[in-house]
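Student:
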Amino acid sequence: MFQAKIYVTLRKSVLDPQGSVVRKSLYALGYHNVQEVRIGRYMVVDLEVADRAEAEKQVRDMCDKLLVNPVIEDYTFELVEV
Amino acid sequence: MFQAKIYVTLRKSVLDPQGSVVRKSLYALGYHNVQEVRIGRYMVVDLEVADRAEAEKQVRDMCDKLLVNPVIEDYTFELVEV
Amino acid sequence: MKFGVVVFPGSNCDADCLHAIQTVTGQPVEYIWHKSGSVDGFDCIVLPGGFSYGDYLRCGAVARFSPVMKPVIEFARRGGMVMGICNGFQILTEAGLLPGALHRNKNLQFLCHDTYLRVENNTTPFTCRASEGQVIKIPIAHGEGNYYADPETLRQLEENKQVIFRYCDPHGEVTPEANPNGSLNNIAGICNEQGNVLGMMPHPERCAEAVLGNTDGQLIFQSLLDFWQRRCG
Amino acid sequence: MVMDPKVWREMGLTDSEYEKIVEILGREPNYVEVGIFAVMWSEHCSYKTSRPALKTLPTEGPAILQGPGENAGIVDIGDGQAVVFKIESHNHPSAIEPYQGAATGVGGILRDIFTMGARPVAVLDSLRFGELDNPRVRYLFDGVVAGISGYGNCIGVPTVGGEVYFADSYEDNCLVNVMCVGLIDQKDIKKGVAAGIGNPVMVVGAKTGRDGIHGATFASEELSEEAAERRPAVQVGDPFMEKLLLEACLEVIKTGYVVGIQDMGAAGLTSSSCEMASRAGTGLEMDLALVPRREEGMTPYEVMLSESQERMLLVVEKGTEEKVKEIFAKWDLDAVVVGRVTGDGILRIKEGSQVVAEIPARALTEQAPVYHRPTRVPAYLEEVQNYPVDSLNMPHDYNEVLLKLLASPNIASKEYAYKQYDYMVGLNTVVTPGSDAAVLRVKGTRKGIAMTTDCNGRYCYLDPKTGAAIAVAEAARNLVCSGAKPLAVTNCLNFGNPEKPEVMWTFWQCIEGMAEACRALETPVTGGNVSFYNETRGNAVYPTPTIGMVGLVEDLDKVCTQGFKQAGDAIFLIGENLPELGGSEYLKIQFGLEKGKPPALNLELEKKVQRFVLDEIKSGLIKSAHDCSEGGLAVALAECCISGGIGADITMVRRFRGDALLFGESQSCIIISVDRHKGVELVKKLVDAGVPYTQLGTVGGDSLIINVVNPGCTGCGGNLVNLPVKKIEETWRGAIACLMK
Ligand SMILES: Nc1ncnc2c1ncn2[C@@H]1O[C@H](COP(=O)(O)OP(=O)(O)O)[C@@H](O)[C@H]1O
Ligand SMILES: [Mg+2]
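Protein chains in written order, with the numbering used here: chain A, 14 to 95; chain B, 14 to 95; chain C, 1386 to 1618; chain D, 888 to 1628.
1) Chain A beta carbons: is any one of them nearer than 8 Å to that of residue 33 (chain B)?
2) Please state whether the Cβ-Cβ distance between residue 1243 (chain D) and residue 1204 (chain D) is less than 8 Å.
3) Going along the region 35 to 51 of chain A in order, which residues come within less than 8 Å of chain C, judged by CB to CB distance?
4) Apply the 10 Å Cβ neighbour rule to residue 65 (chain A) and answer buried if 16 or more other Cβ atoms are within range, or exposed otherwise.
5) For residue 1439 (chain C), go through chain B and note every residue whose CB falls closer than 8 Å to its CB, in chain order.
6) Check whether chain G comes within 8 Å of residue 1310 (chain D), counting only Cβ atoms and requiring the distance to be less than that.
7) Which same chain residues, not among the five before or five after residue 1167 (chain D), have their C-beta less than 6 Å away from its C-beta?
8) Could you work out which residues of chain A lie near residue 1489 (chain C), taking near to mean beta carbons separated by less than 9 Å?
9) Look at residue 1326 (chain D) and residue 1318 (chain D) and say whether their C-beta atoms are less than 8 Å apart.
10) Could you tell me which of A:23, A:15 and A:34 sits nearest to residue 89 (chain A), measuring between CA atoms?
11) Where does residue 1429 (chain C) sit, in a helix, a strand or coil, going by DSSP?
12) For residue 859 (chain D), collect the residues of the same chain with a Cβ closer than 8 Å to its Cβ; drop the 5 residues on either side in sequence, then sort them by chain order.
13) With 8 Å set as the bound, which would you pick, yes or no: does the beta-carbon of residue 84 (chain B) sit closer than that to a beta-carbon of chain D?
14) Which residue's Cα is closest to the Cα of residue 1416 (chain D): D:1009, D:934 and D:1126?
15) Sorry if obvious, but does the Cβ on residue 44 (chain A) come closer than 7 Å to a heavy atom of ligand 3?
16) Report the residues of the region 59 to 80 of chain A with a CB closer than 7 Å to any CB of chain B, ordered along the chain.
17) Using a Cβ cut-off of 8 Å (strictly closer), state whether residue 1403 (chain C) contacts chain D.
18) Taking all protein chains shown into account, decide if residue 14 (chain A) is buried (16 or more other Cβ within 10 angstroms of its Cβ) or exposed.
19) So who's on the other strand from residue 1553 (chain C), going by DSSP bridges?
20) By DSSP, does residue 1453 (chain D) sit in helix, in strand, or in coil?
21) Three Cβ pairs or more, each shorter than 8 Å: is that satisfied between the region 1481 to 1489 of chain D and the region 1290 to 1306 of chain D?
22) Select from the region 1427 to 1460 of chain C all residues with a C-beta closer than 7 Å to any C-beta belonging to chain B, and list them in chain order.
23) Could you have a look at residue 81 (chain B) and say whether DSSP puts it in helix, strand or coil?
24) Fully enclosed by the region 1162 to 1227 of chain D, which beta strand (DSSP E) runs are 3 residues long or longer?
25) What separation, rounded to the nearest whole angstrom, lies between the Cα atoms of residue 900 (chain D) and residue 928 (chain D)?
26) Please go through the region 1441 to 1501 of chain D and give each complete beta strand (DSSP E) segment of 3 or more residues, from N-terminal end onward.
27) Answer yes if the region 1195 to 1211 of chain D comes into contact with the region 1229 to 1243 of chain D, meaning at least three C-beta pairs across the two stretches below 8 Å, and no otherwise.
28) Identify which residue in D:1070, D:891, D:1474 and D:1039 has its Cα closest to the Cα of residue 965 (chain D).
29) Could you list the residues in the region 1588 to 1612 of chain C with a C-beta less than 8 Å from some C-beta on chain D, going in chain order?
30) Tell me which same chain residues have a C-beta within less than 7 Å of the C-beta of residue 1409 (chain C), skipping the five on either side of it?
31) Give the residues of chain B in contact with residue 1121 (chain D), contact being defined as C-beta atoms less than 7 Å apart.
32) If we cut at 8 Å on Cβ distances, does residue 1291 (chain D) have a partner in chain C?
33) So which residues of chain B does residue 1059 (chain D) contact, with C-beta pairs closer than 7 Å?
34) For my contact list, residue 1336 (chain D) and residue 1437 (chain D) are in at a C-beta cut-off of 8 Å; report their separation, rounded to the angstrom.
35) Helix, strand or coil: how does DSSP classify residue 908 (chain D) here?
36) Would you say residue 1552 (chain D) and residue 1481 (chain D) are within 8 Å of each other, going by their C-beta atoms?
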């Protein structure tokens, strides 16, 4: 069995309203060193698959189809055997 | 300068309605191997701090104060020098 | 002319759309269940507002895989009239029937209030009863209506006159203050290249009866009927 | 085996309550049984402290179809239709996790309505927080509003009204009261009864997890650090699931297969099962192994006490199980038979073949203890009531005071909140938030239903009996101003620790005041909710008996709103403005005082004023109506101008202090406007009806101008207020958003 950890971020060119609100709040709380904040999604998917290559294929597939919207989002993922 | 990658997940016993809808949807799309899906947040914070220990302290602090809701969420983070 | 209103799990403006279409056009209108495999017999299909699948993951992302979307997409490709309102618009972008994406409102809050829209193109089935530049008042109610498309797509949209509605002030000026959610170019509604698929965030069905204090939304449903009956467009 | 006293004490049972359990069972209870007794006998579920007082409320009237005792009250609105409504608190969970606390509060009250077979058509939220200069308060306010918005908008029920007050006493204990209103054809009304021996019992909706175990007990103690430590896993709402559950339940109820239905609220499966059995005089046998679970390894104790949201318990006609399952399956929901109705009156819980609990159902409900707790007049009352309000200095600049009042968060526009609520979905909202009461049409008829929530906690603190009576009167007045006849009340009673005699005294006083006003105004109480222990480190919230009220508009063409309509219209004050500054927002803003005796309430006058205004709205004579509340006459006039987008020119005779005249909060006062040619007709009618009134001036211009003439004293009168409506509006509309930045 594999666990996929998927990191989805907004594309660079897309304004991130959540990130900029959080950055401002952090600043207001006194964290003046904060330069930028980007907020995305973190997904953990457990896959009952024996083979790493197969798991990788499936995860990529799911991301392209459903989990990620390529118009505004990018993603990376890691696979851990569990 | 450091970049913090923060992974926020719902605590174990807390209901994750998003995750279960996504799991069902993946199943309907033919991914019958998917066991569980949990959905959280992924945040990237750029910090203009010279010292790793200091960066670590600040990030932990921000998470406890603002970025994470300890009542229902857990977090981990990584620091990369950039 | 027969209208169909698709019911996804979590749709909540389905009954409202049905009611408004019935009241304004007097034409037959039926619900189409999301598990339905066909849309035969319908002349115009409405994807209503609401929170299909709770808006979980991304608004419209899960709904676009509903069985009914296959025939809806075919219907659209054949030139059938399809209109997505609010969540319906989000589903249309996720399904690729319309370009771009809708993400979180700039201020991160759900917003429910009247907005003014300028009709930018009155040659579509959805706007043929309007005059170009006409200002109408239609309410919004959404948390993710912030329209985004990459610069090239945006340029094409503008060039092809696919931007149908823009947020404006009561006098028709397109200003940053009139933009409730941060949409690029104040975009409130767009259509596809052929002009038969419309997506809009504001809710015309909510202002189509005098008792609700505003009838500007009638314009869109009347346009559809008149276009169908070749009385305009 | 004898149980360690620590076990029941930690669950919130007293030693004598434990003895009573042993007596009822005739044996020592086991762990599961103690847990079941503990939640059912908690204050939250048993009303053990409040019941004696609640019994004194009027509950009957010609329009009442269902009074207290069911999941919600029901009133007749004619044509075989009825309105189902109820209010509930979610204070404790919201103080811990504002978003989810408020969201699940909405979810819970919606289920109370559709469990009766009604389609929810509106939500109202009545909120109380500390002062907005505190960042934690801003966090709570934002979170609560977002939670209500997140849940209500998603499920597609409009949030059409409510109220928000800010006062220090709510700093550690915010109040989140949510009311839901539903519509039903009377023939479809369902009740929470487990009738028909042998009928199957089904669990439907979400799977059961370890959420909120002992939530009811948690809601029955003070918020302390230890309590926060022991807090149950926070319930997360799933509005999408609830939407499916709503549609599926309404569909299944239409079939006639359902015998009884109840939502699983506080104390989950425990309360729903024993209450349904107890109401029907039956028993229930359930096998917990059959209950669908979200987590592995849950014990029977956990399954019984779980407060997982979005679940219902159904009793259906024998033989219809499969058809019921089919309908739920259509909506992608689980529906599982977990047991059956029995004739022995026993709640028998099994795990597989093993019996894990066996308790007479009535022992958990009707046999719950009742406490007549001691009362004592609080010491602070005399001091605050006798404060020499009349010796305070009068202001120099009335313009400045009026603007300050309009910017006070208690008076300023609440659109920061309601802009985040979808108040239009459903296509029924005829009067949207921002007027006195919300009005919804009833499709297919000429009728409308009006609704409001009201309570000024400060008045209740200064004089609990009068304060509670005013809450009822104001709610009714708000309905009348919108053209509706008040029908019935639901209430949410938010108080501190009732084990303190002072709190108990204010509780009784509030009930007395409420009962009196409900009798006088003929608006019986159909149910409600009591929330005690809103208290931290000895600081209790202001006594806050929130009133939710519904009314009927016979003809939607005759709906009235508060905004002035047309230049030249004549403005009148109906009722009597008296020198009453006690408890006013003015005292708080200008002097930092929450003192004095609140305004008096004369119920005879109130009735007369309301009857007159309602009649003349119906006759078409009155074009706008707005009652005076916080901020008094001047603020009410300003609001009429803002809503109407037009100014007014007012001249009054000064019979007492100018600040009391403009900012005092006398009750039973309604500002109306009529066509300029109809003034004479109006006055004649007022005189005939013996209703006191004052002619105030004329609608018009773009400023609010208030002049005062002083007959006995040359040079004392003059212009007190002269402000552009635009300025007034900016101040009023932007105040809260500005504080939230
Ligand atoms: N939390 C809220 N949610 C929705 N509407 C609200 C809320 N708070 C206030 N409102 C609306 O704002 C208007 C004014 O409220 P309030 O000041 O309590 O009026 P009143 O003094 O007449 O009772 C009403 O229409 C009310 O429903
Ligand atoms: Mg009020």
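Just so you know, even glycine gets a beta-carbon here, dropped at the ideal spot from N, CA and C.
Tutor: Taking the geometry as given:
1) For the purposes of this step, residue 33 (chain B) is taken as residue 20 along the second sequence, with counting starting at 1. With 8 Å as the cut-off, residue 33 (chain B) does not count as an interface residue toward chain A.
2) By 1-based counting over the fourth sequence, the position of residue 1243 (chain D) is 356. By 1-based counting over the fourth sequence, the position of residue 1204 (chain D) is 317. Contact: no.
3) none
4) On the first sequence, residue 65 (chain A) is found 52 positions in, with the first residue counted as 1. Classification of residue 65 (chain A): exposed, given that the 10 Å Cβ count is below 16.
5) By one-based count along the third sequence, residue 1439 (chain C) stands at place 54. Those are 30, 31 and 34, listed as they occur along chain B.
6) No chain G is present in this structure, whose protein chains are A, B, C and D.
7) Against the fourth sequence, residue 1167 (chain D) aligns to sequence position 280. The residues are 1080, 1081 and 1082.
8) For this step, residue 1489 (chain C) is matched to residue 104 along the third sequence. Under the 9 Å cutoff, chain A gives 29, 30 and 31.
9) Stepping through the fourth sequence from its first residue, residue 1326 (chain D) is reached at position 439. Stepping through the fourth sequence from its first residue, residue 1318 (chain D) is reached at position 431. Cβ distance < 8 Å, so residue 1326 (chain D) and residue 1318 (chain D) count as in contact.
10) Position 76 of the first sequence, counted from the start, is the residue given in the question as residue 89 (chain A). The alpha carbon of residue 89 (chain A) has as its nearest neighbour, out of A:23, A:15 and A:34, the alpha carbon of A:23.
11) Your numbering for residue 1429 (chain C) matches position 44 in the third sequence. Looking at residue 1429 (chain C) - three-state DSSP - the assignment turns out to be strand.
12) Examination of residue 859 (chain D) is not possible in this model, given that chain D is present from 888 through 1628 alone.
13) Within the second sequence, numbered from 1, the residue matching residue 84 (chain B) stands at position 71. With 8 Å as the cut-off, residue 84 (chain B) counts as an interface residue toward chain D.
14) Locating residue 1416 (chain D) in the fourth sequence gives position 529, where the first residue counts as 1. Selected option, being the one with the closest Cα: D:934.
15) No copy of ligand 3 appears in this structure; the ligands present are ligand 1 and ligand 2.
16) 59, 60, 61, 62, 71, 75, 78 and 79
17) Taking the first residue of the third sequence as 1, we reach residue 1403 (chain C) at position 18. Answer no: the Cβ-Cβ gap between residue 1403 (chain C) and chain D never drops below 8 Å.
18) Here the question's residue 14 (chain A) lines up with position 1 in the first sequence. That one is exposed.
19) Position 168 of the third sequence, counted from the start, is the residue given in the question as residue 1553 (chain C). Its beta-bridge partners are C:1501.
20) Stepping through the fourth sequence from its first residue, residue 1453 (chain D) is reached at position 566. Looking at residue 1453 (chain D) - three-state DSSP - the assignment turns out to be coil, as it is neither helix nor strand.
21) Contact between the region 1481 to 1489 of chain D and the region 1290 to 1306 of chain D is absent: fewer than 3 CB-CB pairs across the two stretches fall below 8 Å.
22) For the region 1427 to 1460 of chain C, which is checked against every Cβ of chain B, the residues closer than 7 Å are 1438, 1439, 1441, 1442, 1447 and 1450.
23) Along the second sequence, read from residue 1 onward, the residue named residue 81 (chain B) stands at position 68. Three-state DSSP puts residue 81 (chain B) in coil, outside helix and strand.
24) 1170 to 1174 and 1198 to 1203
25) Along the fourth sequence, one-based indexing puts residue 900 (chain D) at 13. Along the fourth sequence, one-based indexing puts residue 928 (chain D) at 41. Answer to the nearest angstrom: the Cα atoms are 8 Å apart.
26) As far as the region 1441 to 1501 of chain D is concerned, its whole beta strand (DSSP E) runs of at least 3 residues are 1457 to 1461.
27) no
28) Against the fourth sequence, residue 965 (chain D) aligns to sequence position 78. Of the candidates D:1070, D:891, D:1474 and D:1039, the one whose C-alpha sits nearest the C-alpha of residue 965 (chain D) is D:1070.
29) 1588, 1590, 1591, 1594, 1596, 1597 and 1598
30) As a position in the third sequence, residue 1409 (chain C) is number 24, starting the count at 1. Correct list, in chain order: 1593, 1603, 1606 and 1607.
31) Numbered from 1 along the fourth sequence, position 234 holds the residue referred to as residue 1121 (chain D). Under the 7 Å cutoff, chain B gives 27, 84 and 85.
32) By 1-based counting over the fourth sequence, the position of residue 1291 (chain D) is 404. Judged by the 8 Å Cβ criterion, residue 1291 (chain D) is not in contact with chain C.
33) Counting from 1 along the fourth sequence, the entry for residue 1059 (chain D) is found at position 172. Under the 7 Å cutoff, chain B gives no residues; its nearest Cβ is about 16 Å from residue 1059 (chain D).
34) Reading the fourth sequence from its first residue, position 449 is the one you call residue 1336 (chain D). Reading the fourth sequence from its first residue, position 550 is the one you call residue 1437 (chain D). Confirmed, about 6 Å.
35) Stepping through the fourth sequence from its first residue, residue 908 (chain D) is reached at position 21. Residue 908 (chain D) falls in the helix class under three-state DSSP.
36) Mapped onto the fourth sequence, residue 1552 (chain D) falls at position 665. Mapped onto the fourth sequence, residue 1481 (chain D) falls at position 594. The Cβ atoms of residue 1552 (chain D) and residue 1481 (chain D) lie no closer than 8 Å to each other.
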